[in-house]
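If you read the sequences in order, they're chains L and X.
When you number the first sequence by the working numbering, it's gap-free, plus one each residue, and the end is 250.
When you number the second sequence by the working numbering, it's gap-free, plus one each residue, and the end is 250.
Even glycine gets a Cβ: it sits at the ideal position worked out from N, Cα and C.
Take a look at the structure below.
2 protein chains.
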Amino acid sequence: MTAPPPAASKARDIAEAVRRRIIAGEWRQGDRIPDEADLAVEFAVARATVNKALQMLADEGLLDRRRRAGTRIAIDPVRRATFTIAIVREQIEHAGMAYSHRVVAQRLSPLPADLAERLDLAPGTPLVHMRAVHYGDGQPIQLEDRWLNPAAAPGLAGADFWRLNANEWLVRNALYLRADLAFSAENASHRDARLLHTTPGQALLILRRTTWNDLGPITTVRVAFRPGHAVANEEPRRRRP
Amino acid sequence: MTAPPPAASKARDIAEAVRRRIIAGEWRQGDRIPDEADLAVEFAVARATVNKALQMLADEGLLDRRRRAGTRIAIDPVRRATFTIAIVREQIEHAGMAYSHRVVAQRLSPLPADLAERLDLAPGTPLVHMRAVHYGDGQPIQLEDRWLNPAAAPGLAGADFWRLNANEWLVRNALYLRADLAFSAENASHRDARLLHTTPGQALLILRRTTWNDLGPITTVRVAFRPGHAVANEEPRRRRP
DNA sequence: CGAAAAAATATGTCTAGACTTAATTTCGCG
DNA sequence: CGCGAAATTAAGTCTAGACATATTTTTTCG
Chain L
10 MTAPPPAASK
20 ARDIAEAVRR
30 RIIAGEWRQG
40 DRIPDEADLA
50 VEFAVARATV
60 NKALQMLADE
70 GLLDRRRRAG
80 TRIAIDPVRR
90 ATFTIAIVRE
100 QIEHAGMAYS
110 HRVVAQRLSP
120 LPADLAERLD
130 LAPGTPLVHM
140 RAVHYGDGQP
150 IQLEDRWLNP
160 AAAPGLAGAD
170 FWRLNANEWL
180 VRNALYLRAD
190 LAFSAENASH
200 RDARLLHTTP
210 GQALLILRRT
220 TWNDLGPITT
230 VRVAFRPGHA
240 VANEEPRRRR
250 P
Chain X
10 MTAPPPAASK
20 ARDIAEAVRR
30 RIIAGEWRQG
40 DRIPDEADLA
50 VEFAVARATV
60 NKALQMLADE
70 GLLDRRRRAG
80 TRIAIDPVRR
90 ATFTIAIVRE
100 QIEHAGMAYS
110 HRVVAQRLSP
120 LPADLAERLD
130 LAPGTPLVHM
140 RAVHYGDGQP
150 IQLEDRWLNP
160 AAAPGLAGAD
170 FWRLNANEWL
180 VRNALYLRAD
190 LAFSAENASH
200 RDARLLHTTP
210 GQALLILRRT
220 TWNDLGPITT
230 VRVAFRPGHA
240 VANEEPRRRR
250 P
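Take a look at the structure:
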């Protein structure tokens, strides 16, 4: 009736059954649930299958599991949500719009102090600083303000970001090991407003992302979405249709 | 030096090794990587262990796997990030502040049309509408504007939200099966500004969340964070210290 | 040649059993 | 009674082998 079921499997069925028991109040917050061996008998499966099912629920934050202590319903069922950060172009084209982008500025600049701290680099280190706007059907969709660390992205010097899309170049050439990201909101500056075709002061959703690899920080970027844009979570894991 | 390593295991080691090969460019975007059986031989482990490792990377979005077709490096390595939405009180107390909250309004109201669509209910259906402010050390931290569906939350009628924390009551009494959430930004209304001790027009980070169970939509809430607040992702999975 | 049928193959999932490890419980001793 | 050592327990992980299930590739036949 709504979404395609996430494919069945014994493990998923068991996870679902346990989830329902918790929701139905059969097992209550803080309670210990039967151990894997007992559940394996009840559901007539191998213990490994029960383990997989309970791991899923623990990853969601619904269960707390500890060796020897057993599995308990989380006292404060913190819930985790997964957001997918796709390549801008993909996003725009996926929405059926024609993609284009424009590089507004690009030059080697000394790193400001606030970013230096975030990147764990010395203030004043020269990084490539660039700004670009991404358009869908000619309308600005998002604005990126990016600092690139040549030391951590070999080949960067040769890349021509006036023509290429930095986001895409990075995704293809400088995969990262770790990423920090955070959502916040800011009032549009005059520059933001001009580039996004809106008015100064307009509330903008901001995504800041910093990525790292073995060689150090690769890049930090501030993405400002066009007014009204929302970033939503994806449903559990959906297998291909 | 940075974060505690996410605990070792053969599966995680293999995932890490594969990730590094991709990052090092040994295997390139779109390429097929060796199949599970070969990797199992190479790493001298059982195939199930390789399967687990590759599943992890596929969940992250780094790999694309298909039966018979094999495993390929994702062409557009979409990356997924997990955000944890904790209970406000927990969050505030965790930050070392004294928690308090105040219910600003609560009454049965007919559901507005825009929310009716989101909730898949008939417009005008009477739901409980409430607004509350959450404080840390007396300063407003977030503002919630919530609509509750008594039909999906048995026991709601008896709950006293003038004293209890709705967020917490819900978490403890109306666990959900599905949640939609989305981040956006809005300029503070006069009411937002008054309740959050800020000025109208100030950019606010907004989180909208709607939860569902078998009986239908349970609640939909608009959370406005205090100006400057950012919501960050958590690092991969961190086991307890 | 082209379409339908058959074979091959890589991942998906499960099982039974074993060993490891963190934590709790029990026990023995001063 | 208090404390530390030892036993116990439940989850964490791995293995070897099996079967299921999408797909792709090959073969067969009209």
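With a cutoff of 9 Å on beta-carbon distance, residue 135 of chain L and residue 121 of chain L are scored as not near each other.
Note on residue 41 of chain X: under 16 other CB atoms within 10 angstroms of its CB, so exposed under the neighbour-count rule. From the beta-carbon of residue 28 of chain L, the residues of chain X found nearer than 9 Å are 184 and 186.
For residue 110 of chain X, there is no enclosing alpha helix (DSSP H); the enclosing beta strand (DSSP E) has its first and last residue at 108-119. In the DSSP assignment, residue 49 of chain L falls within the alpha helix (DSSP H) that extends over 45-52. Ranking L:200, L:241 and L:184 by CA distance to the CA of residue 223 of chain L puts L:184 first. Annotation: the continuous alpha helix (DSSP H) that includes residue 57 of chain X extends over 56-69. Chain-ordered listing is empty here: chain X has no CB closer than 9 Å to the CB of residue 226 of chain L, the nearest sitting near 12 Å. Residue 158 of chain X is outside the set of residues whose beta carbon lies under 9 Å from a beta carbon in chain L. Residue 238 of chain X is bridged by DSSP to nothing; it lacks a bridge partner. Within chain X, no residue has its beta carbon less than 7 Å from that of residue 63 of chain L; the closest one is some 15 Å off. Within chain L, the residues 214, 237, 238, 239 and 240 have their CB atoms less than 8 Å from the CB of residue 193 of chain X, given in chain order. Boundaries of the beta strand (DSSP E) harbouring residue 88 of chain X: 88-94, taken from the DSSP string. Per DSSP, residue 31 of chain L is one residue of the alpha helix (DSSP H) stretching across 19-32. For residue 25 of chain X, the closest C-alpha among the options L:194, L:114, L:187 and L:211 is that of L:187.
With respect to residue 230 of chain L, residue 156 of chain L sits close: the two C-beta atoms are nearer than 9 Å. With contacts defined by Cβ atoms closer than 9 Å, residue 74 of chain X and residue 67 of chain X form a contacting pair. By the criterion of a C-beta distance shorter than 7 Å, residue 36 of chain X is surrounded in its chain by 30, 42 and 82, once the five residues flanking it on both sides are discounted. Note that the stretch 91-103 of chain X touches the stretch 144-161 of chain X; at least 3 beta-carbon pairs, one per stretch, sit closer than 8 Å. Residue pairing by DSSP puts residue 144 of chain L in a beta bridge opposite L:109 and L:149. Where residue 178 of chain L is concerned, the enclosing alpha helix (DSSP H) starts and stops at 175-182.
The CB of residue 42 of chain X never comes closer than 8 Å to any CB in chain L; the least such distance is about 14 Å.
Between residue 87 of chain L and residue 105 of chain L a beta carbon distance of about 36 Å is seen, past the 8 Å cut, so the two are scored as non-contacting.
The distance from the Cβ of residue 214 of chain L to that of residue 193 of chain X is about 6 Å, consistent with a contact at the 8 Å cut-off. Spanning the alpha carbons of residue 48 of chain X and residue 17 of chain X requires a straight line of approximately 19 Å.
Among the CB atoms of chain X, none fall inside 9 Å of the CB of residue 120 of chain L.
Contact annotation: in the stretch 85-107 of chain X, residues whose CB is within less than 7 Å of a CB in chain L are 85, 86, 87, 88, 89, 90, 91, 92, 93, 94, 95, 96 and 99. Sequence-distant partners of residue 111 of chain X (beyond 5 residues in either direction) whose C-beta falls short of 6 Å from its own C-beta, in its chain, are 142. Not flagged as an interface residue toward chain L: residue 232 of chain X, since no C-beta distance is shorter than 9 Å. Here residue 72 of chain L carries a strand assignment [DSSP, helix/strand/coil].
Distances from the alpha-carbon of residue 201 of chain L to those of L:131, L:85, L:127 and L:154 put L:154 closest. Rounded to whole angstroms, the Cβ separation of residue 235 of chain L and residue 190 of chain L is 19 Å, and the two are not in contact under 8 Å.
Judged by their CB atoms, residue 196 of chain L and residue 64 of chain X are not nearer to each other than the 9 Å cut-off.
The alpha-carbon separation between residue 114 of chain X and residue 175 of chain X amounts to approximately 12 Å. By the rule that beta-carbons nearer than 9 Å mark a contact, residue 153 of chain L does not touch chain X.
In the DSSP assignment, residue 193 of chain X forms a beta bridge with X:215.
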